[in-house]
Structures are given as C-alpha cells and as structure tokens.
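Protein chains: 2
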Amino acid sequence: MDDALRAVADPTRRAIMELVRDDERSAGDIAARFPGMSRPAVSQHLRVLADAGLVAVRRDGNRRLYALRPAGLADAAGFIERMWSAQLGRLKEAVESE
Amino acid sequence: MDDALRAVADPTRRAIMELVRDDERSAGDIAARFPGMSRPAVSQHLRVLADAGLVAVRRDGNRRLYALRPAGLADAAGFIERMWSAQLGRLKEAVESE
DNA sequence: AGTCTGTGTAAGAAGTTGCTTACACAGCGT
DNA sequence: ACGCTGTGTAAGCAACTTCTTACACAGACT
Chain P
1 MDDALRAVAD PTRRAIMELV RDDERSAGDI AARFPGMSRP AVSQHLRVLA
51 DAGLVAVRRD GNRRLYALRP AGLADAAGFI ERMWSAQLGR LKEAVESE
Chain Y
1 MDDALRAVAD PTRRAIMELV RDDERSAGDI AARFPGMSRP AVSQHLRVLA
51 DAGLVAVRRD GNRRLYALRP AGLADAAGFI ERMWSAQLGR LKEAVESE
C-alpha cells in the first residue's frame, strides 16, 4: 500500500492513470499528452506506477501498452474507508445522543 | 486533493491518522507513540495533516487536541472511486461478451 | 544488413521532504 | 512573579524525487 499511495501522491502520475483508465495506451501516446515534459520523465513515471502495481504493461511489437490496474489501489481504498468509517461511527453516536 | 494525497503518502502520518481516528489526542500523547522519533518531528507531521485538512486542531488550555477529519479525504476517495469504476465497467463488458 | 521508430536506462542537477537540535512562547501552579 | 509543562518554530543537514540530456537497445521495414 505504501508504494501505491506514494505513487498516487504525484499529480502527473494521477493524470497518467486517468489517461489509461479506459483504454490501453502506448508509452509514446501517453508522453505526447504531457507537452511540458520530456518523454523519459513520463517513462519513469510509468515505471513507478508499474512497480506499485497500479498499471499493467503489455508488449505489442515495438510498443508497450499500459492499462490501469485498479486492484493496485485496494489497500489505499481500505485505508480511506477505515478513516471514513470513523466518521460514520461518530455520526451514529451523535444521532443517538440527540 | 493534492495536499491530502501527498500528506497520506507518508506512513508516519497515516499512523497518526489511525491514532486520532477514534479519539482526540494531545500532541504530546501522539508523539509518545513514536519512540523512535523526536517530538518536533511529530509536530511537523501534525502541521502537514492539519494544513491538508485531514485533522482538526482544538486548543484545550495548555494542550492541543487533534482529531481526525475524514472529510479531508473526500477528493482522494473520489479519485480512487473513479479508478475503481473503470474496472467495474470493464468487468461488465467482459461479462456481457461471454 | 542497415536504419528508423518506439521505448527504457544512466548520470547528474535542482528542488523537496523528513528528520535533528536549539530555541520561543503560552498557560498553569506555586 | 517564577518556573514547569506542553507545544510550535527556526535552521540546517542527509536522503529522496523529479526532472533533464545523452545513450542503449529491441522490433519493424526496406
């Protein structure tokens, strides 16, 4: 989970995740969406995402296709849900004490 | 959201959030749970969490009491949900194509 | 075989983070 | 008023991130 949350902390990486959310995309295609950044920079972000299990990579001839792997967010989602449930619990208390 | 996700990326800060999840705790109380770390270090983490809107601070005489503010995670939760929903969509497609 | 296209990796510069120690300062108790 | 307790802030340092440019290398096309 640590890796996933660290990976997601970066706005560029989140943007990449949104990009590959619905369709597989090649590295070059993704890089082209970040005109202000060099291609290697994007490649490095892709590596971080892949290492964190947030995207899946597939080779297609020359290219590498990236796709979202939402399962990688499971632990992160668990953390957030755990925090949320605290509020729900307190809300319940508040309601009951009225 | 940026701030919240960045704040949550740090494991110490996540541990602090778990600590104040159910009960308000004083800064000193929290710091005491991290024996390997100096008190100012914890204080700085608390500031990051407060700035990100993830904890609420309240003064009680001498002390400052921190409590979880789960609402601060709303945007982060939204992001994760958006990513998750992608998988649900694809799962649906897969099921339908069988 | 040679070259072009698509991509990753290496090395290094610049900024950011997360700590430490030393200090500042408000509120409580004597 | 004075000192003690609880806490935040300042300054500085080491480690880590995130870029950049230069290079490496695999696969497709002729």
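Protein chains in written order, with the UniProt record's numbering: chain P, 1 to 98; chain Y, 1 to 98.
Here a beta-carbon is modelled for each residue, glycine too, at the ideal position from N, C-alpha and C.
Of all C-beta pairs linking the region 26 to 37 of chain Y to the region 45 to 64 of chain Y, three or more are shorter than 8 Å, placing the two stretches in contact.
Interface with chain Y (8 Å Cβ-Cβ cutoff): residue 21(P) is included.
Residue 11(P) places its beta carbon 8 Å or farther from that of residue 84(Y). Residue 57(P): not part of any alpha helix (DSSP H); member of the beta strand (DSSP E) spanning 55 to 60, first to last residue.
Excluding its 5 nearest sequence neighbours in each direction, residue 59(Y) has C-beta neighbours in its own chain below 8 Å: 65, listed in chain order. Under the three-state reduction of DSSP, residue 85(P) is assigned to helix. Around the beta carbon of residue 21(P), a 10 Å sphere encloses 16 or more other beta carbons of the protein chains shown; the residue is thus reported as buried.
Judged by DSSP in its simplified three-state form, residue 26(P) adopts strand. Contact between residue 86(Y) and residue 5(P) is ruled out by a C-beta separation of about 19 Å, above the 8 Å threshold. Along the UniProt domain "HTH arsR-type" (1 to 95) of chain Y, the positions whose C-beta sits under 7 Å from a C-beta of chain P are 2, 5, 6, 8, 9, 11, 14, 17, 21, 22, 68, 70, 73, 76, 77, 79, 80, 83, 84, 86 and 87, read in chain order.
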